[in-house]
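Per the UniProt record's numbering, residue 1 is the first one in the sequence shown, and the count goes up by one each step. Built from N, CA and C at the ideal position, the CB exists for glycine as well. Model, not experiment: these values are computed from the prediction. I have placed the structure first, in the form of structure tokens, so that the comments after it can refer back to it.
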Amino acid sequence: MAFLAGGLIPGALRAAIEQRLHLPFAVPPVAHFLLSGVMAAGLRWCRPYWPLAVVLMVVLTIGGLAEVAQVWVPGRQPSWGDMGLDLAGAVAGVVVIVLTRRLGALLAR
């Protein structure tokens, strides 16, 4: 939900929020990467039997819907770069879960 809500904030409001926060980085790229990573990690953790391709497709479908919805939001436009960040975050999230589980299995021996 945060993913879709963030994608539907009008451009002027998003710029005002970023300016008010005084962050040393742009929020949207970080948000795309982190939210996609958390979403993919959560799916992989809760549904370990799902193939990795399914987890990635679910995350990218949600990200794609958010991008398409931006066509109707003032001051926003869809971006392939955002989709790339969604994919990178999703892959990173899955890698973290896989490595965490393998490390846990090794330590349990």
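| request: Could you tell me which of PRO28, GLN77, ARG20 and TRP45 sits nearest to VAL95, measuring between CA atoms? | output: TRP45
| task | Leaving out five residues on either side along the sequence, give the residues of the same chain with a beta carbon under 6 Å from the beta carbon of LEU85. | result | Excluding positions up to five away in sequence, the list reads PRO29, HIS32 and PHE33.
| query | Does the region 43 to 63 touch the region 72 to 89, meaning 3 or more C-beta pairs lie closer than 8 Å? | reply | Yes, the region 72 to 89 touches the region 43 to 63.
| query | Are PRO12 and GLY75 closer than 8 Å when you measure CB to CB? | reply | The sequence as given places Ala at residue 12; Pro does not occur at that position. The answer is yes: Cβ separation under 8 Å.
| Hey, ALA90 and LEU56: beta-carbon distance below 8 Å or not? | yes
| said: Just verifying my parser: in three-state terms, what is the DSSP assignment at TRP50? | reply: coil
| DSSP three-state call for SER79: helix, strand or coil? | coil
| message | Suppose contacts are defined by Cβ-Cβ distances below 8 Å. Is LEU43 in contact with VAL58 by that definition? | response | Annotated as proximal: LEU43 and VAL58, with beta-carbon spacing under 8 Å.
| task | Could you work out which residue in ILE97, GLU18, VAL27 and GLN77 is closest to VAL38 when comparing CA atoms only? | result | ILE97
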